[in-house]
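Residue numbers (UniProt numbering), protein chains in the order written: chain A, 1 to 288; chain B, 1 to 288; chain C, 1 to 288; chain D, 1 to 288. Structure record follows, encoded as structure tokens.
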């Protein structure tokens with residue numbers, strides 16, 4: 001929301017307990033921080049508490065490091081971890097693609113027009129095809145081909161690009177390679193994948209063809225964090241649209257493209273705005 | 001659509017071949033039948049042709065039996081099978097339920113108000129709970145309890161009620177028993193089940209709990225014909241709604257109720273209006 | 001959400017100012033009230049602050065009157081008004097109808113099954129038609145016919161029934177009479193109407209016919225509070241569905257029924273759960 | 001649908017009368033044309049008949065001119081007009097824009113990837129801003145600035161570009177100028193505009209700001225043909241999404257962008273596939 005403009009964002013979680021809200025809100029008050037948006041959720045099944053606040057300091061001498069230190073001092077008693085984001089921060093990301101360009105095109109459009117507060121540091125692909133699109137946007141394009149033999153080296157190169165770019169999020173925008181368990185693990189919680197199916201619907205290859213065979217009347221897409229199991233990580237966002245018998249597999253694929261773009265962009269925005277919390281294999285999305 | 005009022009409906013299918021449309025439309029013209037709605041679909045992958053026409057005879061002496069005979073004579077060359085429905089026909093149905101009444105309540109409301117052109121001949125349940133609802137609508141209620149020992153006898157009784165009622169469709173409106181393979185087979189193509197999941201998503205028990213564990217952001221329901229595998233028959237309609245982390249399993253169940261009602265009612269209407277064609281384990285729904 | 005079970009709800013609003021969150025959350029902490037759900041919103045254009053908390057007292061001797069008094073003492077400094085609702089409270093309502101029964105049937109179903117925490121005290125209609133439905137649910141039915149001559153007396157009778165029933169909300173569930181400005185004013189903020197159009201789309205008579213003439217591809221409904229202008233009060237919820245050229249006006253009406261039911265039920269639930277705040281002619285709905 | 005590949009499309013309309021279907025389908029059969037998709041609709045209120053057939057000639061010597069002549073000879077008796085489109089035809093279009101590029105970006109992406117079978121002949125804008133985007137796609141960009149004084153000359157230039165380009169459709173992709181009545185008339189039925197509101201909702205300037213003031217819970221967009229009244233032409237497609245109080249006007253604008261893109265692209269596709277029929281100020285969209 002535009003209410004975010006000029007606002008700091010604080011996102012925190014800890015085990016459920018009396019006073020979890022108060023420890024945050026009282027501190028913000030004492031620091032003369034004006035809360036513009038606040039959302040908390042206490043998961044009684046999981047026994048975990050989540051809070052997100054957007055706020056504006058009403059004092060001239062607000063200092064991030066002091067704020068962090070003092071909040072940490074209070075949070076420790078609650079076992080609370082937190083993240084803090086300064087206003088107008090753009091999240092540094094690396095985007096990974098193969099040949100399909102619909103998600104990349106959409107992300108770059110939102111990046112270029114400022115709709116997504118991301119800072120695209122690099123694009124990685126196992127194919128050369130999308131280089132012109134990257135270069136029109138003035139972005140470095142790393143063509144890192146892959147074979148079963150070269151997979152370890154290629155993944156090492158991927159990791160190097162990500163590390164050197166300073167990216168805090170990796171976006172798998174239809175990257176058609178299965179990451180090794182090691183790389184999945186490395187990127188766990190900081191890589192978002194778009195899966196072309198309503199998980200846990202159709203896994204494995206060609207989900208739209210599976211959907212066709214099944215005669216489904218809805219198709220969808222799932223944006224999720226990757227974990228050790230590429231297609232099974234915690235879900236962030238899902239999208240869906242109606243189809244009918246006249247949608248042959250190739251039509252489902254086409255329809256899926258629009259859903260994939262919108263769903264992935266939504267998930268990236270939630271992540272960037274620190275609305276997504278990971279806990280016990282599920283997400284809490286304080287979507288506002 | 002209301003264009004159906006006063007109209008006959010003809011629904012036919014046959015293997016793909018030149019002239020499949022013409023054999024139907026020319027015949028209708030020759031019989032002075034005015035077509036108000038026409039939809040055909042030729043499935044090039046399955047090699048099967050489907051057509052549905054709503055029409056009004058423009059002659060005073062239209063006779064159903066003659067029409068049937070003469071059309072059959074022409075259709076035989078194409079291997080075409082067809083169904084014909086007179087105007088204002090109400091489909092005789094039996095509804096099967098257990099304890100949950102949301103789908104039954106919705107169906108009976110649409111039945112009572114004429115929104116669904118069905119003629120409810122009987123309600124069957126393995127529990128006595130919903131008898132008052134049936135009796136308020138003046139409908140016979142067959143309480144047929146079931147145990148693993150009495151299952152064969154109970155299913156025989158179910159079949160008897162269905163047969164004697166003259167029902168052409170059995171609606172499983174949250175009937176919480178797994179039908180035997182034999183009864184599934186008996187009812188194949190003429191029984192619609194509402195499954196509380198976006199098939200092929202969550203099978204087995206408590207799909208909403210599974211959905212919760214998975215942290216899905218969408219829940220849905222699937223109306224489908226039963227075949228030998230109760231939960232895996234051809235899909236007729238699907239519905240979906242957005243949810244979030246704050247939906248505990250019981251909330252998903254509640255949300256699911258609305259989706260189940262609407263999705264089941266839609267599937268029954270499609271079936272009653274002869275919009276659904278079964279072929280090779282999939283449906284073609286000429287939904288208008 | 002089911003998290004509400006066993007929880008008190010506190011809803012408050014006041015002009016925007018530093019400390020608005022803290023004054024509420026600190027108080028709850030001091031009272032040993034465990035917050036299960038918290039949502040606040042600060043409207044920077046309107047300069048107004050809104051907060052809603054669901055909480056459970058963790059002390060044995062929690063006393064509502066003391067809680068109210070002490071909170072009021074703190075709130076006064078902020079010009080804050082608040083409402084407090086005890087766990088498992090059912091909102092006393094009166095439902096007004098004419099002849100169409102789809103919304104009434106839906107509300108009574110949700111009332112009977114506990115999906116809506118309302119306590120239906122009476123049903124008022126200007127027609128006798130829906131009396132059987134009311135009586136099946138064991139509810140008093142007031143048939144109050146109306147003509148242009150008897151309108152003042154009829155409205156006086158309506159007001160009397162509402163007052164004597166102790167209802168805190170009046171639900172206009174397709175009551176096809178225009179309330180007088182005086183009665184609108186009397187019920188302002190405590191009467192919800194369902195309008196069969198996507199306000200501000202089609203006003204006046206027969207909006208579905210207007211929609212047909214216009215050839216719209218979407219139809220919808222709007223649930224809103226009434227104010228002095230019956231069809232123009234603050235919007236609480238809206239629903240929509242796709243239609244096409246084959247939907248004649250009567251089909252749009254039929255389609256509209258489902259949307260009206262769902263949209264009205266949603267608005268009533270939001271209101272009952274104290275999620276709706278009125279300010280400056282608009283609503284803030286902390287939908288959770 | 002992909003079933004279109006390799007198929008001719010025939011779209012026709014005429015006054016309602018017995019034999020309207022047969023005159024088309026019998027002819028196709030006689031010409032050995034295999035119908036892959038057929039949809040007809042008879043508007044009983046408007047007394048007009050519409051039909052669309054996708055077909056493949058099964059003879060080697062199919063000749064378009066002969067087909068046209070012979071069909072015309074039969075159609076004349078019914079007062080039937082028709083259009084015929086060869087397989088893989090790309091519709092020549094001109095796109096008009098101002099400064100906002102979201103719709104243009106989306107259309108060019110679909111054009112470049114073949115998702116939309118259009119042939120973009122030129123882009124016209126009253127501002128220079130989007131020239132780089134056009135030139136990246138290798139498309140001519142006509143910067144035609146406009147003032148109230150130069151409007152007649154500018155519109156003459158617009159018309160000249162359209163005429164000389166051979167465009168059969170003009171797409172107003174957020175062109176923020178009101179066309180003169182004369183140019184509207186000139187382009188009637190062959191220009192599609194995207195309106196950033198759910199017509200007939202908010203007309204005039206800044207509809208999203210109007211929507212904010214009204215506190216709507218849904219925002220949408222409308223793609224329509226222009227006629228003499230720019231914002232009031234026959235509707236082709238509408239899209240919608242849910243919003244809440246936290247959407248300030250600028251957020252509604254942002255949300256609207258996605259809806260506008262998808263809705264405009266859908267309308268252009270329907271038009272290109274000859275699915276849209278204009279009659280008596282409304283559209284019939286045989287959407288398949």
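Glycine residues also receive a C-beta, built at the ideal position from the N, C-alpha and C atoms.
Counting pairs of beta carbons, one from the stretch 110 to 120 of chain B and one from the stretch 92 to 100 of chain B, are three or more of them closer than 8 Å?
yes
DSSP three-state call for residue 87 of chain B: helix, strand or coil?
coil
Since residue 7 of chain B and residue 54 of chain B are thought to touch, with beta carbons under 8 Å apart, how far apart are those beta carbons, to the nearest angstrom?
4 Å
Taking Cβ positions, are residue 240 of chain D and residue 220 of chain D nearer each other than 8 Å?
yes
Stretch pair the stretch 69 to 77 of chain D + the stretch 16 to 33 of chain D: three plus CB contacts closer than 8 Å
yes
Could one say the Cβ of residue 154 of chain D lies closer than 8 Å to chain A's Cβ atoms, at least one of them?
no
Contact between the stretch 104 to 111 of chain D and the stretch 78 to 88 of chain D is defined here as three or more beta-carbon pairs at a separation below 8 Å; is this criterion met?
no
Using a Cβ cut-off of 9 Å, pull out every chain C residue sitting near residue 58 of chain A, in sequence order please.
18
Could you check if residue 272 of chain D is buried or exposed, using at least 16 other CB atoms within 10 Å of its CB as the buried criterion?
buried
Restricting to runs no shorter than 3 residues, where is the beta strand (DSSP E) found entirely within the stretch 196 to 238 of chain D?
218 to 225
Report buried or exposed for residue 45 of chain D, applying the criterion of at least 16 other Cβ atoms within 10 angstroms of its Cβ.
exposed
Around the C-beta of residue 43 of chain B, are 16 or more other C-beta atoms found within 10 angstroms, so that it is buried, or is it exposed?
buried
I'd like the list of long-range same chain contacts for residue 202 of chain D, defined as Cβ closer than 7 Å, with 5 residues on each side in sequence excluded.
210, 211
Cα-Cα separation, residue 19 of chain A to residue 67 of chain C
18 Å
Boundaries of the alpha helix (DSSP H) in which residue 40 of chain C is found, first to last residue:
Where residue 40 of chain C is concerned, there is no enclosing alpha helix (DSSP H), although the beta strand (DSSP E) it sits in stretches over 33 to 43.
Per DSSP, residue 125 of chain D forms a beta bridge with which residues?
D:97, D:143
Please identify the residue among D:51, D:37, D:147, D:9 whose C-alpha is closest to the C-alpha of residue 247 of chain A.
D:37
Three or more C-beta pairs under 8 Å: does that hold for the stretch 129 to 145 of chain A against the stretch 186 to 194 of chain A?
no
What residues of chain D sit near residue 192 of chain C, judged by a beta carbon separation below 7 Å?
Simply none; closest approach about 14 Å.
Spatial neighbours of residue 173 of chain B within its chain, please: C-beta separation below 7 Å, excluding the five flanking residues on both sides.
95, 96, 97, 103, 104, 107, 194, 264
Between the CA atoms of residue 125 of chain A and residue 160 of chain A - distance to the nearest angstrom
14 Å
Determine the extent of the beta strand (DSSP E) in which residue 271 of chain D is found, giving its start and end residues.
Element bounds for residue 271 of chain D: not the beta strand (DSSP E) but the alpha helix (DSSP H), 249 to 272.
Status (buried if at least 16 other CB within 10 Å, exposed otherwise) for residue 260 of chain D
buried
Give the secondary structure of residue 70 of chain D by DSSP, where H, G and I count as helix, E and B as strand, and everything else as coil.
helix
If you follow the alpha helix (DSSP H) that residue 104 of chain A is in, where does it begin and where does it stop?
102 to 112
Please classify residue 135 of chain B as buried or exposed, where buried requires at least 16 other C-beta atoms within 10 Å of its C-beta.
exposed
What are the start and end residues of the alpha helix (DSSP H) that includes residue 20 of chain D?
20 to 30
By the criterion of Cβ-Cβ separation under 8 Å, what are the contact partners of residue 245 of chain D in chain C?
41, 43, 282, 283, 284, 285
Can you name, in chain order, every residue of its own chain whose Cβ lies under 7 Å from the Cβ of residue 185 of chain B, other than the five neighbours on each side?
228
Quick check on the burial criterion: 16 or more other C-beta atoms within 10 angstroms. Buried or exposed for residue 166 of chain C?
exposed
Report the neighbours of residue 248 of chain A on chain B: residues whose CB is nearer than 7 Å to its CB, in chain order.
45
Report the neighbours of residue 36 of chain B on chain D: residues whose CB is nearer than 7 Å to its CB, in chain order.
42, 44
Rounded to the nearest angstrom, how far is the Cβ of residue 139 of chain A from that of residue 101 of chain A, given a contact under 8 Å?
Residue 139 of chain A to residue 101 of chain A, Cβ: 13 Å. No contact.
Excluding the five sequence neighbours on either side, which residues of its own chain have a C-beta within less than 7 Å of the C-beta of residue 269 of chain C, listed in chain order?
116
Where residue 134 of chain B falls: helix, strand or coil (DSSP)
helix
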